[in-house]
Amino acid sequence: MDLFAPLLTGYGIWAPVVWLVAFIAAFIVVYLIWKTGESSYKKGTELERPYLSGNAEPEKGAVHIRASNLYWGFLQALKGYYDVLVPLHTGVLTDYMIWFVAVTALLLVIVGVLS
Amino acid sequence: MTFADFIITNAPALLIVVPLFAAFLCPVIGKISTTVRNCWVMGMMLITAAIAFILAYRVFATGPVLYVFGAAATNLAVPLDSGGIPIRIIFMVDAMSAFMGIICAIVGVSVLLYSLSSESRNSSLEGYYTLFFLMIAGVFGMVSTGDIFNFFVFLEILSLASAGMIAYRVDGGLAVEAALKYLVLSTLGAILVLFAIGIYYGEYNALNIAMIAQRMQYTMLDKIALVLIVAALAMKCGAVPLHFWTPDAYSRAPSSVTAFLVVASQASLYGLFRVVFTMYNVTMNCVTVGWIIIILGVLSMVVGVTMAIPQKDIKRLMAYHAVSQTGYMLLGVGVGLAVLGNVALTSAFGFMAMEGGIFHIFNHAMYKGLLFLTAGAIVYRIGTRDLNKMGGLGHTMKYTMIFFIIGALAIAGIPPLNGFASKLMIYESVYLFNPILAIIAMVVSILTLASFVKVFHSVFMGPQLPEYAEVKEAPLPMLIGMGILAAICILFGLFPQPVVDMLVAPAVHALADQGGYIASVLGGA
Chain A
2 MDLFAPLLTG YGIWAPVVWL VAFIAAFIVV YLIWKTGESS YKKGTELERP YLSGNAEPEK
62 GAVHIRASNL YWGFLQALKG YYDVLVPLHT GVLTDYMIWF VAVTALLLVI VGVLS
Chain B
3 MTFADFIITN APALLIVVPL FAAFLCPVIG KISTTVRNCW VMGMMLITAA IAFILAYRVF
63 ATGPVLYVFG AAATNLAVPL DSGGIPIRII FMVDAMSAFM GIICAIVGVS VLLYSLSSES
123 RNSSLEGYYT LFFLMIAGVF GMVSTGDIFN FFVFLEILSL ASAGMIAYRV DGGLAVEAAL
183 KYLVLSTLGA ILVLFAIGIY YGEYNALNIA MIAQRMQYTM LDKIALVLIV AALAMKCGAV
243 PLHFWTPDAY SRAPSSVTAF LVVASQASLY GLFRVVFTMY NVTMNCVTVG WIIIILGVLS
303 MVVGVTMAIP QKDIKRLMAY HAVSQTGYML LGVGVGLAVL GNVALTSAFG FMAMEGGIFH
363 IFNHAMYKGL LFLTAGAIVY RIGTRDLNKM GGLGHTMKYT MIFFIIGALA IAGIPPLNGF
423 ASKLMIYESV YLFNPILAII AMVVSILTLA SFVKVFHSVF MGPQLPEYAE VKEAPLPMLI
483 GMGILAAICI LFGLFPQPVV DMLVAPAVHA LADQGGYIAS VLGGA
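Protein sequences appear in the order of chains A and B.
For any residue, its number in our numbering is found by taking its place in the first sequence, counting from 1, and adding 1.
For any residue, its number in our numbering is found by taking its place in the second sequence, counting from 1, and adding 2.
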């Protein structure tokens, strides 16, 4: 058994170890660049405070972008799709049973009659 | 016979007996002390896992293992005086069964270790562990049995235990409501399965899967039975549009339970694949049934991921992703089924698609289990599932954050993690079947990544919030539980081909080889 054998996909190959070596090489390059940066930064001093043009720093909770604000544009763009899809998830058990029975009936027609 | 021989010979039976024994003695042992009970449940889970691994090793090394209950010899499926009918209950553990058993064992150990801390604040833990071991027994039974009625029995054990576990925390009645929905739909599905079994028994005078497969005529009654089983098990594994119970049940169950519910759903997926490949195979219209499974898969992928994006409850979001990932498995195996009757297409890409789908079952159990456990660690520490109330936890829950990153990258199919390996196999093989399906699968992966970027930012990024200033890292047993699954996500991603060669390819060939299954059980009967 070759532990490092590339994955054969039937169409091509995937060699994760090669990818890993490339990733490590890139990491080393990034690290070397980072090492050339400013080294006088000190934790717990004024250097840590954000510069807001003299304005007071908002409370920590106020600057964190909450989950509901993310992908607002995506959801707006697909509003028509979500207006149909979300209401289908009613949370009502009888609705879910109807879906189950309806899908079973549809499959019966497809498999029983059409195939 | 030495003790080791006894264990090896009776491993299929012990796989059920040990967790049942652990389950029913748990309330008694729990009376002694919490420490003794914890040692008991952990010890019994490790023994169960060891048996599963021993059995899997035997299957992958020497071939399928047949175990006949009550027979003079454990491999005597057809008694000499039975007229060629396999009258006894049998367990037939082939490579596919062993593959599922390994998944159950790994996730079972991780979840139980995690539960020792995550559930320590709650009462009635004897009941919790009893139900957990019943779930373990149910899954092992479903994937091991060679008897269709026996499959139904284990399906019911699993469903009832799962419903109890979903309702375990009550949660102001919401968990009970989720459990009720799961239970009613599961019962409805079980009735359909039972009805189908009645059809088989009436038609073929047998409950043995191999015997039914051997006698399969694909009559109208067989078509009806096939649809009833496919619909019931598709619902149980959470395929769209039969997925409605999953967001409620997955989000309301304790996170440790949710991680194992993923495996429970996959046991139903196993049942679905076992029925279509082993019982029907090329006697049915593979193209039609294959396309039905493909369409269920595509719907699951697309609806699952798009419903996940707007969610604000972290576990509900992950539940929709579980639905979405099930779609990949259905897509891969569905493509394999659709071309099953065509030898050229099967060898060109059909087997590869199935290998991708089956490999994804394993990977999904690992990274989705991991993600649910990380969600549970977060909820355990801050007491809310609401993403809008979270933020800055990366400052204090560093290890949980690292485990979350591993799980999130794996589910999104980012190299070099395990999810990428199986998804790549699915993309490339499905592309040869139908490029549009492969493109849809890739777009769904991009949306999955987008969704988990949202979760990562909402939970871990940003400044440390004042209300979570005192939050600590998750307890060590929970970290170890998550660490086991995270390590597998990395290892299986870095070394995918040996995994495919040793576990996945034998499982796929065992699943597709109907003749081999029949011969293993019935021999020359």
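The beta-carbon is built from N, C-alpha and C at its ideal position, and this holds for glycine as well.
Chain-ordered neighbours of phenylalanine 101(A) on chain B, where CB pairs are closer than 8 Å: Residues of chain B with a Cβ closer than 8 Å to the Cβ of phenylalanine 101(A) are, in chain order, Leu187, Leu190, Gly191, Ala233, Met237 and Leu244.
Just verifying my parser: in three-state terms, what is the DSSP assignment at threonine 10(A)? Look at threonine 10(A) here: in three-state DSSP terms it is coil, with no helix or strand label.
Residues of the region 9 to 20 of chain A in Cβ contact with chain B at a cutoff of 8 Å, in chain order, please. Under the 8 Å Cβ criterion, the region 9 to 20 of chain A contributes Leu9, Thr10, Gly11, Tyr12, Gly13, Trp15, Pro17, Val18 and Trp20.
Quick one: list the residues of chain A neighbouring glutamate 430(B), beta-carbon separation under 9 Å, in chain order. Within chain A, the residues near glutamate 430(B) are Thr10, Gly11, Tyr12 and Gly13.
Every unbroken alpha helix (DSSP H) within the region 370 to 455 of chain B, with a cutoff of 4 residues, ordered by chain: Under the rule that a run must span 4 or more residues, the alpha helix (DSSP H) segments found entirely inside the region 370 to 455 of chain B read 400 to 413 and 420 to 435.
Where the beta strand (DSSP E) through phenylalanine 93(B) begins and ends: Per DSSP, phenylalanine 93(B) belongs to the beta strand (DSSP E) from 92 to 95.
Pair within 8 Å by beta-carbon distance, tyrosine 69(B) and tyrosine 130(B): For tyrosine 69(B) and tyrosine 130(B), no; Cβs fall outside 8 Å.
In the DSSP assignment, find the unbroken beta strand (DSSP E) run with valine 278(B) in it and report its ends. Counting along the chain, no beta strand (DSSP E) covers valine 278(B), and no H or E run does either.
CA-to-CA distance, leucine 411(B) to valine 19(B), given in whole angstroms: Going by the C-alpha atoms only, they are around 38 Å apart.
Mind pulling the chain A residues with CB within less than 9 Å of isoleucine 294(B)? Listed by position along chain A, the residues whose Cβ is nearer than 9 Å to that of isoleucine 294(B) are Leu108, Ile111 and Val112.
Kindly list, in the order they appear in chain E, the residues whose Cβ is closer than 7 Å to that of phenylalanine 28(A). The structure shown has no chain E; the protein chains it does contain are A and B.
Environment of tyrosine 184(B) [buried if 16+ CB atoms lie within 10 Å]: So tyrosine 184(B) counts as buried.
Please classify aspartate 7(B): does DSSP put it in a helix, a strand, or coil? For aspartate 7(B), the secondary structure class from DSSP, reduced to helix, strand or coil, is helix.
With distances taken between CB atoms, is the gap from alanine 54(B) to glycine 103(B) smaller than 8 Å? Result yes, Cβ atoms of alanine 54(B) and glycine 103(B) sit closer than 8 Å.
So the beta strand (DSSP E) valine 67(B) belongs to, where does it begin and stop? Valine 67(B) -> beta strand (DSSP E) spans 67 to 70.
With 8 Å as the limit, tell me which residues of the region 53 to 70 of chain A have their beta carbon closer than that to any beta carbon of chain B; keep them in chain order. Residues Glu60, Lys61, Gly62, Val64, His65, Ile66, Arg67, Ala68 and Ser69.
Closer than 8 Å by beta-carbon distance: list the chain B residues that pair up with tyrosine 7(A), in chain order. A quick correction: the sequence has proline, not tyrosine, at residue 7(A). What proline 7(A) touches in chain B, judged by beta-carbon distance under 8 Å, is Gln499, going in chain order.
Beta-carbon of isoleucine 226(B) versus every beta-carbon of chain A: anything under 8 Å? Residue contact with chain A for isoleucine 226(B): present (Cβ-Cβ distance below 8 Å to some residue of chain A).
Residue from Ser522(B), Thr450(B), Thr11(B) and Leu162(B) whose Cα sits closest to the Cα of valine 307(B): Selected option, being the one with the closest Cα: Thr450(B).
Hey, is threonine 37(A)'s beta-carbon within less than 8 Å of any beta-carbon in chain B? Threonine 37(A) has a beta carbon lying at 8 Å or more from every beta carbon in chain B.
Given a threshold of 16 other Cβ atoms within 10 Å of its Cβ, counted over all protein chains shown, does cysteine 41(B) qualify as buried or as exposed? That one is exposed.
Closest by C-alpha distance to glycine 85(B), when choosing among Ala423(B), Ala507(B) and Ala208(B): Closest in alpha carbon position to glycine 85(B), among Ala423(B), Ala507(B) and Ala208(B), is Ala208(B).
Which residues in chain A sit within 7 Å of leucine 395(B), going by Cβ to Cβ distance? Per Cβ cutoff of 7 Å: no residues; leucine 395(B) is ~11 Å from chain A at best.
Tell me whether asparagine 344(B) sits in a helix, a strand or coil according to DSSP, three-state version. DSSP, reduced to helix, strand and coil, places asparagine 344(B) outside both helices and strands of the structure shown, so it counts as coil.
Determine, using beta carbons only, whether threonine 1(B) comes closer than 8 Å to chain A. The shown model of chain B, from 3 to 527, leaves out residue 1(B), and the question about it has no answer.
Does DSSP put aspartate 83(B) in a helix, a strand or coil? In this structure, aspartate 83(B) counts as coil in the three-state DSSP scheme.
Between the Cα of glycine 148(B) and those of Asn124(B), Arg60(B) and Gly273(B), spot the shortest distance and give me the residue it belongs to. Ranking Asn124(B), Arg60(B) and Gly273(B) by Cα distance to glycine 148(B) puts Gly273(B) first.
Which of the residues in the region 27 to 48 of chain B, read from start to end, lie with their CB under 8 Å from any CB of chain A? Cβ contacts with chain A come from no residue of the region 27 to 48 of chain B.
Taking all protein chains shown into account, decide if methionine 368(B) is buried (16 or more other Cβ within 10 angstroms of its Cβ) or exposed. With 16 or more Cβ atoms within 10 Å of its Cβ, methionine 368(B) is classed as buried.
What is the DSSP secondary structure of threonine 147(B), counted as helix, strand or coil? Note: threonine 147(B) maps to strand in three-state DSSP.
Can you give me the Cβ contacts of alanine 79(B) inside the same chain, cut-off strictly under 7 Å, excluding the 5 residues immediately before and after it? Taken in chain order, the residues that qualify are Leu68, Val70, Pro88, Ile92, Val523 and Leu524.
Does the separation of the CB atoms of isoleucine 56(B) and alanine 107(B) fall below 8 Å? The answer is no: Cβ separation not under 8 Å.
According to DSSP, aspartate 315(B) sits in a beta bridge with which residue or residues? Bridge partners of aspartate 315(B): Asp388(B).
Under 6 Å Cβ to Cβ from proline 498(B), same chain only, skipping five residues before and after it: list those, please. Cβ within range, chain order: Ala423.
Should tyrosine 83(A) be flagged as near chain B, meaning a C-beta pair shorter than 8 Å? Cβ-Cβ to chain B under 8 Å: yes for tyrosine 83(A).
With C-beta atoms as the reference, is alanine 236(B) less than 8 Å away from valine 289(B)? Contact flag unset, no.
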